[in-house]
Amino acid sequence: MAEAIYDPKLIEARCQQWWEENGTNRIDLAAADNPYYVLMMFPYPSAEGLHVGNVFAFTGADIQARYRRLKGHQVFEPIGFDAFGIHSENFAMKVNRHPSELIPSNVANFTRQLKMMGFMFDWERTIDTTTPEYYKWTQWVFLQLYKAGLVYRDIKEVNFCPKCGTVISDEMVIDGKCERHPDTEVERRRMPCWFFAITKFAGRLLDNLDWLDWSDRTKLAQRNWIGRSTGAEVVFTVQGRSQKIPVFTTRPDTLFGATYLVLAPDHALVDEITLPQLRAAVDEYRGAIAARAEAEAVKGAAQEKTGVFTGATAINPATGQAVPVFIGDYVLSGYGTGAIMAVPGGDHRDFAFAKKYRLPIVATVDPDMGAAAAEDFSGVDNVNELLATEEGKARLRTMVLEGAACYSGPGAVINSSAGKLSINGLGIEEAKERVCALLEGMDLGRRQETYRLRDWGISRQRYWGPPLPIIYDEEGNPHPVPEDQLPVLLPPLDDYRPKGDGRGPLATAEDWVRTTLPDGRPGRRETDVMDNFLDSAWYYLRYVSTSDPDRPYDPALIERWLPVDMYIGGNEHAVLHLLYTRFICMGLHQAGALRMGERPEMRDLAEPFRHFRAHGLLIKEGSKMSKSKGNVVNPDEYVEDHGADTLRMYLMFLGPYLQGGDFRDSDLQGVRRFLNRIFLWYFDNPQPEVPEAELPKPVRVKLHQTIKKVAEDIEALSYNTAIAALMELHNELKSAEACSRSAKEAVALMLAPFAPHLAEECWRNGLGHSTSVFEGRYPAFDPALTVLDEIEVAVQVNGKIRSRLVVPREAPKEELERLALADASVQAVLKGAAPKRVVVVPGRLVNVIA
RNA sequence: GCCCGGGUGGCGGAACUGGCAGACGCAUCGGACUUAAAAUCCGAAGCUCCGCGAGGGGCGUGCGGGUUCGAUCCCCGCCCCGGGCACCA
Numbered sequence: 003m004a005e006a007i008y009d010p011k012l013i014e015a016r017c018q019q020w021w022e023e024n025g026t027n028r029i030d031l032a033a034a035d036n037p038y039y040v041l042m043m044f045p046y047p048s049a050e051g052l053h054v055g056n057v058f059a060f061t062g063a064d065i066q067a068r069y070r071r072l073k074g075h076q077v078f079e080p081i082g083f084d085a086f087g088i089h090s091e092n093f094a095m096k097v098n099r100h101p102s103e104l105i106p107s108n109v110a111n112f113t114r115q116l117k118m119m120g121f122m123f124d125w126e127r128t129i130d131t132t133t134p135e136y137y138k139w140t141q142w143v144f145l146q147l148y149k150a151g152l153v154y155r156d157i158k159e160v161n162f163c164p165k166c167g168t169v170i171s172d173e174m175v176i177d178g179k180c181e182r183h184p185d186t187e188v189e190r191r192r193m194p195c196w197f198f199a200i201t202k203f204a205g206r207l208l209d210n211l212d213w214l215d216w217s218d219r220t221k222l223a224q225r226n227w228i229g230r231s232t233g234a235e236v237v238f239t240v241q242g243r244s245q246k247i248p249v250f251t252t253r254p255d256t257l258f259g260a261t262y263l264v265l266a267p268d269h270a271l272v273d274e275i276t277l278p279q280l281r282a283a284v285d286e287y288r289g290a291i292a293a294r295a296e297a298e299a300v301k302g303a304a305q306e307k308t309g310v311f312t313g314a315t316a317i318n319p320a321t322g323q324a325v326p327v328f329i330g331d332y333v334l335s336g337y338g339t340g341a342i343m344a345v346p347g348g349d350h351r352d353f354a355f356a357k358k359y360r361l362p363i364v365a366t367v368d369p370d371m372g373a374a375a376a377e378d379f380s381g382v383d384n385v386n387e388l389l390a391t392e393e394g395k396a397r398l399r400t401m402v403l404e405g406a407a408c409y410s411g412p413g414a415v416i417n418s419s420a421g422k423l424s425i426n427g428l429g430i431e432e433a434k435e436r437v438c439a440l441l442e443g444m445d446l447g448r449r450q451e452t453y454r455l456r457d458w459g460i461s462r463q464r465y466w467g468p469p470l471p472i473i474y475d476e477e478g479n480p481h482p483v484p485e486d487q488l489p490v491l492l493p494p495l496d497d498y499r500p501k502g503d504g505r506g507p508l509a510t511a512e513d514w515v516r517t518t519l520p521d522g523r524p525g526r527r528e529t530d531v532m533d534n535f536l537d538s539a540w541y542y543l544r545y546v547s548t549s550d551p552d553r554p555y556d557p558a559l560i561e562r563w564l565p566v567d568m569y570i571g572g573n574e575h576a577v578l579h580l581l582y583t584r585f586i587c588m589g590l591h592q593a594g595a596l597r598m599g600e601r602p603e604m605r606d607l608a609e610p611f612r613h614f615r616a617h618g619l620l621i622k623e624g625s626k627m628s629k630s631k632g633n634v635v636n637p638d639e640y641v642e643d644h645g646a647d648t649l650r651m652y653l654m655f656l657g658p659y660l661q662g663g664d665f666r667d668s669d670l671q672g673v674r675r676f677l678n679r680i681f682l683w684y685f686d687n688p689q690p691e692v693p694e695a696e697l698p699k700p701v702r703v704k705l706h707q708t709i710k711k712v713a714e715d716i717e718a719l720s721y722n723t724a725i726a727a728l729m730e731l732h733n734e735l736k737s738a739e740a741c742s743r744s745a746k747e748a749v750a751l752m753l754a755p756f757a758p759h760l761a762e763e764c765w766r767n768g769l770g771h772s773t774s775v776f777e778g779r780y781p782a783f784d785p786a787l788t789v790l791d792e793i794e795v796a797v798q799v800n801g802k803i804r805s806r807l808v809v810p811r812e813a814p815k816e817e818l819e820r821l822a823l824a825d826a827s828v829q830a831v832l833k834g835a836a837p838k839r840v841v842v843v844p845g846r847l848v849n850v851i852a
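In this text, residue positions in the first sequence follow the working numbering: the first is 3, and each later residue adds one.
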């Protein structure tokens, strides 16, 4: 035999060609009886090409797919390109090209790189969101939601990035700046926009999370974003007039302490209730607020609270007393009812405001000083000191009772009675119940849940996206484009740059804008395009029917393949993409346009992803990869030098996949050497081959332990430890005097998800199989062979290791104790004295307490 | 400010449910092979102190306390790094 050399280039090229010719990665979706759908977040095809971070993410998903296949599933692992949107458009502008000519070459380059990495994609089912064949159905999705009453047009205050020239979502505003332009303040503009009513599903989006097997940190991010508060709506009536001011509070128990109201400056009732003599002051204040919002960050550090009196008073429904009504900047118009009842005795913001404007402060809770925590108090400087002593606690309590401090912690209700009515003495939770019941009885309030989540504005005043399928009649009323007229094609536009006038570039395409309504009347097209997040909010449905011109997806295939079994992606999409995708799924269900297959734990949830795992972030030698630092790793050179298998396996070995890790060039060597040794073990191995039963027992045990561990680790996405286990196993196997065919087959099968080319080579050319390793089955382990007969037990004296014993695995406690006490090094410490105590943990250790 | 992660050798990282810390690798050092180098193979190694040596002692999972026979793991109080939210009533 010629000298065997591991030549990854040769092996990988040959292997990829063989897979291609044999259709190894192609799948007959209709025939699958044991389907498993692995999805990875599809990339935006940038001009720079595939980022090694993409390779990291995709390899982790590819391992799941290949492993499930070895476990006997038919696995669907598709890929596509998310090529619409501001990313692509901004880049095209930068290089002075048209996005429509840039995207195809970017896609071609990505395709080359993805094929190079050996992912198990079925290349006959890909998506490019910018093709009419795809966005026709994106528009169709819009129409389904429209029909279901989940779409509306409204003029609202929205985020507008002057640099992007378009409206952007709340999620894209970071500290008041645009996510893409961190040096640019986002403006608040009132503009007509199309909205998806995601808030209609807020409760479901939140509650369903309990039933989803997703990464905890992703669920937590969604919970925080949706932000449910439970409390009550309480109606205050303007004194001497008919207007009612509903407020939302999470603390209805403190209603008796509500000594004033605050409305958001742009609350709808402000004009009506403001007294004529105060109108000038109110208008001036509102002007100042608006000016400040433009000048400063929209969201920022909590500033000093300001406000102004409207002159109106309103009746507290509990006390019957009139309280003044203010407007103030610390009340947000978009949350709750845009108005609050201020309880300065129990809310630190109200307290600060009341102090500043000398408003009455009434304590409604007598602090339980045993349970109170420092953060429950405000208005006091040295809370921690005071809490340290009994006198201090007493002083704190007195301050609260006198209204000199604010308290939001547990305690008993006080100062809360009017006439025959009293809730004094109750605990906070009971008091909430009582007040709610009371308000409901008077029809002046009710229990209420409020969400932080806001509706999804989808209008973009941009060019590079799917046109909104809407036509306006001459009165300006919108009409949906009939489904049979889809797609509304994006017209070619040489000058696609935003004009900065708040209108989309499509407004300049007059021939395209002017059109006809379904009833024959003249009409004008909507000139905004849809948010790029809509493209990616349903792509996983299209994958099953990528070439179907007549419908977005085949219901039978949807029934068979969905929901997705395993979705893998970055946690940076925890609230944007994942929440929108869930919403679209629910919306399509509500519209009757989608019916997914039943999964025992997923019944009726209308959720797209059964399992989701957020992978970690890949960094480079201790710091984030970024273009500005110039440390972005391009996979090409690494594949050129070491092969795709080495790069794949190294990426999975460098750290825990779910937490991320550090890419270091030098460390690649270790994996390269390992694969080299593996290759030689198959192709240049002097070990005689014997039946497995004749292998030394420790070697057999190691083999079966590893088969068990690698499967467990892959299922837990703990790839780095799975690879370490494979390395350990191989170290042991190759130094044994003989080897078995079963061991060689097992190693190839376990290696296959990580290094598919090499595993295929070893399987077919090393072991002589005629079919692919991926037609094989993941090996089974014998539980009896996963434990050794003899084990080592540590012997400690006072918790310090003094000796070790080799004993039968099942050695009884008494025996262990006897052996430990007889041990010379134990004797030496005890010096003949009897031990005080002996702790024996069978199978682990003996601890002698002297 | 609040909420999540995380802090372990020179480096990346292991460690079941509270039970032998440092698996597996990288880099390093020593040896073999080689005219030489690379590659490969074999071996050493947490830090530190004592000893010529075999060997032995002490210290060690961000810091300070606690619980326990025993703590990287649990509890209390801090520090640092990363991420998310940030006037949400």
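Cβ atoms here follow ideal geometry from the backbone N, Cα and C, with glycine treated the same way.
Contact belief for residue i with residue j at Cβ below 8 angstroms, rounded distance in angstroms
| i | j | result |
| --- | --- | --- |
| Met343 | Thr251 | 6 angstroms |
| Pro482 | Pro471 | 6 angstroms |
| Met119 | Ala646 | 5 angstroms |
| Val635 | Ser628 | Contact flag wrong, Cβ pair sits at about 11 angstroms. |
Range of the contiguous alpha helix (DSSP H) that encloses residue i
| i | result |
| --- | --- |
| Gly1 | Missing from the structure shown is residue 1; the chain here goes from 3 to 852 and no further. |
| Asn92 | 88-96 |
| Met42 | Counting along the chain, Met42 falls outside any alpha helix (DSSP H), though it belongs to the beta strand (DSSP E) covering 37-42. |
| Arg804 | Taken as a continuous stretch (DSSP letters only), Arg804 belongs to no alpha helix (DSSP H), being part of the beta strand (DSSP E) at 802-810. |
Spatial distance of residue i from residue j (CA atoms)
| i | j | result |
| --- | --- | --- |
| Tyr337 | Asn417 | 29 angstroms |
| Val40 | Arg68 | 10 angstroms |
| Trp142 | Pro489 | 8 angstroms |
| Val848 | Ala738 | 32 angstroms |
| Met598 | Leu705 | 41 angstroms |
| Ala420 | Ile176 | 47 angstroms |
| His269 | Glu609 | 36 angstroms |
| Lys96 | Asp185 | 17 angstroms |
| Tyr465 | Trp458 | 19 angstroms |
| Ala297 | Lys158 | Legend: pLDDT at Ala297 = 47, less than 50; position of this residue unreliable, value from coordinates given subsequently. Cα-Cα distance, rounded: 20 angstroms. |
| Asp475 | Leu519 | 7 angstroms |
| Gly302 | Thr312 | Here Gly302 scores only 41 on pLDDT, less than 50, and its place in the model is too uncertain to base an answer on. |
| Asp521 | Met444 | 51 angstroms |
| Phe353 | Leu428 | 23 angstroms |
Proximity to residue i [Cα-Cα], best of the options
| i | options | result |
| --- | --- | --- |
| Ser231 | Pro480, Glu600, Arg253, Asn210 | Arg253 |
| Ala406 | Asp383, Gly229, Met122, Ser424 | Asp383 |
| Cys166 | Phe112, Leu116, His89 | His89 |
| Leu147 | Asp185, Trp196, Trp765, Phe112 | Trp196 |
| Met532 | Gln592, Pro469, Pro500, Pro194 | Pro469 |
| Glu306 | Gln323, Tyr332, Asp285 | Tyr332 |
| Ala162 | Met651, Arg462, Arg219 | Just to set this straight, residue 162 is Phe in the shown sequence, not Ala. Here the closest residue by C-alpha is Arg462. |
| Lys838 | Gly845, Ser827, Leu823, Pro844 | Leu823 |
| Val77 | Tyr46, Thr26, Lys117 | Thr26 |
| Leu441 | Trp139, Asn318, Leu12 | Asn318 |
In DSSP terms, what residue i is bridged to
| i | result |
| --- | --- |
| Trp458 | Phe198 |
| Glu189 | Phe162 |
| Trp216 | Phe614 |
| Asn849 | Gln798, Val841 |
| Glu792 | Pro810 |
| Thr1 | This structure leaves residue 1 out entirely; the chain is present only between 3 and 852. |
| Val327 | Leu263 |
Segment limits, beta strand (DSSP E) that includes residue i
| i | result |
| --- | --- |
| His613 | 611-617 |
| Leu769 | Neither: Leu769 is in no beta strand (DSSP E) and is coded neither H nor E. |
| Phe238 | 230-240 |
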